[in-house]
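Residue numbers (the working numbering): 1 to 160. We treat Cβ as the ideally placed atom computed from N, Cα and C, and that holds for glycine. Read the structure below first, then the notes.
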Amino acid sequence: MTSDVQAGATRRIFIDKQSPKPYHALVQTSEAVRAAAADAGLDRTLVELVNLRVSQINGCAYCLHVHTRAALRAGDTPERLGVLPAWRETELFTPAERAALALAEATTAAADTGAQDAAYAAARDVFTDDQIAAVIWVAVTINAFNRVSIMSGHPVRPER
Numbered sequence: 001m002t003s004d005v006q007a008g009a010t011r012r013i014f015i016d017k018q019s020p021k022p023y024h025a026l027v028q029t030s031e032a033v034r035a036a037a038a039d040a041g042l043d044r045t046l047v048e049l050v051n052l053r054v055s056q057i058n059g060c061a062y063c064l065h066v067h068t069r070a071a072l073r074a075g076d077t078p079e080r081l082g083v084l085p086a087w088r089e090t091e092l093f094t095p096a097e098r099a100a101l102a103l104a105e106a107t108t109a110a111a112d113t114g115a116q117d118a119a120y121a122a123a124r125d126v127f128t129d130d131q132i133a134a135v136i137w138v139a140v141t142i143n144a145f146n147r148v149s150i151m152s153g154h155p156v157r158p159e160r
């Protein structure tokens, strides 16, 4: 009986497949956010850094897999992606990227109002209001995708 309970407890529903309408709405939101980020003048590599950092914090292997490839396609380097968890300890990131990463982390750990205030202050030094809004929307959207993938148990399989 224990193996039946364990098997049933670990079986996940791919919620994106089970309820496709909400998932498609999330995809449309993501597309609108990507367009808003581009319209605000945010570089695609910065957007992917936000996607990756939030996915690291949330431990979403599937989104890390997807967005690492996207960051490399956008022109980022393995060196920078490798040290992203310790971005504060390097000089590899621009002031704008550092501000975006801080804002993304504050969005993800929303209960930390001190981090929010500090992140906003840093963002105000380098971004317009449209850019700040876009960074926050990128973080909000990837947080939602992380939850979908984590709760669904989306697998990461080796590429062949």
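Worksheet item: For A96, which residues from the same chain have a beta carbon less than 6 Å from its beta carbon, with the 5 sequence-adjacent residues on both sides left out?
Response: The count along the sequence shown starts at 1 and reaches residue 96 at position 96. Closer than 6 Å at the Cβ level, and outside the excluded window around A96, lie V126.
Worksheet item: So what does DSSP say about V50, is it helix, strand or coil?
Response: The residue you call residue 50 lines up with position 50 of the sequence shown. V50 falls in the helix class under three-state DSSP.
Discussion item. I need the DSSP call for C63, collapsed to helix, strand or coil.
Written reply: Along the sequence shown, read from residue 1 onward, the residue named residue 63 stands at position 63. Helix, per DSSP.
Discussion item. Under DSSP, the alpha helix (DSSP H) around S149 begins and ends at which residues?
Written reply: Looking up residue 149 in the sequence shown gives position 149. Here the alpha helix (DSSP H) through S149 covers D129 to S152.
Worksheet item: So what's G205 in DSSP terms, helix, strand or just coil?
Response: A query on residue 205 cannot be resolved here, the shown segment of the chain reaching from 1 to 160 and no further.
Item to complete: Could you check what DSSP says for G41 in three-state terms: helix, strand or coil?
Response: Taking the sequence shown and counting its residues from 1, one reaches residue 41 at position 41. Reduced to three states, the DSSP call for G41 is coil.
Fill in: alpha helix (DSSP H) segment containing A119, residue limits
Taking the sequence shown and counting its residues from 1, the one referred to as residue 119 is at position 119. It spans T113 to V126 - the alpha helix (DSSP H) in which A119 sits, taken as one unbroken run.
Worksheet entry | C-alpha distance - S19 paired with A70, whole-angstrom precision | For the purposes of this step, residue 19 is identified with residue 19 of the sequence shown, where counting begins at 1. For the purposes of this step, residue 70 is identified with residue 70 of the sequence shown, where counting begins at 1. In a straight line, the C-alpha of S19 is about 26 Å away from that of A70.
Item to complete: Find out if the Cβ-Cβ distance for the pair A104, R53 is shorter than 8 Å.
Response: Stepping through the sequence shown from its first residue, residue 104 is reached at position 104. Stepping through the sequence shown from its first residue, residue 53 is reached at position 53. Yes, the Cβ-Cβ distance between A104 and R53 is below 8 Å.
Discussion item. I'd like to know whether the C-beta atoms of V50 and A139 end up nearer to each other than 8 Å.
Written reply: Locating residue 50 in the sequence shown gives position 50, counting from the first residue. Locating residue 139 in the sequence shown gives position 139, counting from the first residue. Against a cut-off of 8 Å, the Cβ pair of A139 and V50 comes out as a contact.
Worksheet item: Going by Cα to Cα distance, which pick from R157, A100, H24 and D39 is closest to A119?
Response: Counting from 1 along the sequence shown, the entry for residue 119 is found at position 119. Answer by Cα proximity: A100.
Discussion item. Here's the rule I'm using: 16 or more other beta-carbon atoms within 10 Å means buried, otherwise exposed. How should S3 be labelled?
Written reply: For this step, residue 3 is matched to residue 3 along the sequence shown. Note that S3 scores 42 on pLDDT, short of 50, meaning its location in the model is unreliable; the coordinates nonetheless yield the value given after this. Flag for S3 reads exposed.
Discussion item. Would you say Y23 lies against chain C (beta-carbon separation less than 8 Å)?
Written reply: No chain C is part of this structure, which consists of one protein chain only.
Worksheet item: Under 8 Å between the Cβ atoms of Q131 and L42?
Response: Residue mapping note: residue 131 aligns to position 131 of the sequence shown, counting from 1. Residue mapping note: residue 42 aligns to position 42 of the sequence shown, counting from 1. In this structure, L42 lies closer than 8 Å to Q131 by Cβ.
Discussion item. Taking 7 Å as the limit between beta carbons, can you name the residues of its chain near A144, skipping five residues before and five after?
Written reply: In the sequence shown, residue 144 corresponds to position 144, counting from 1. Excluding sequence neighbours, A144 sits near L26.
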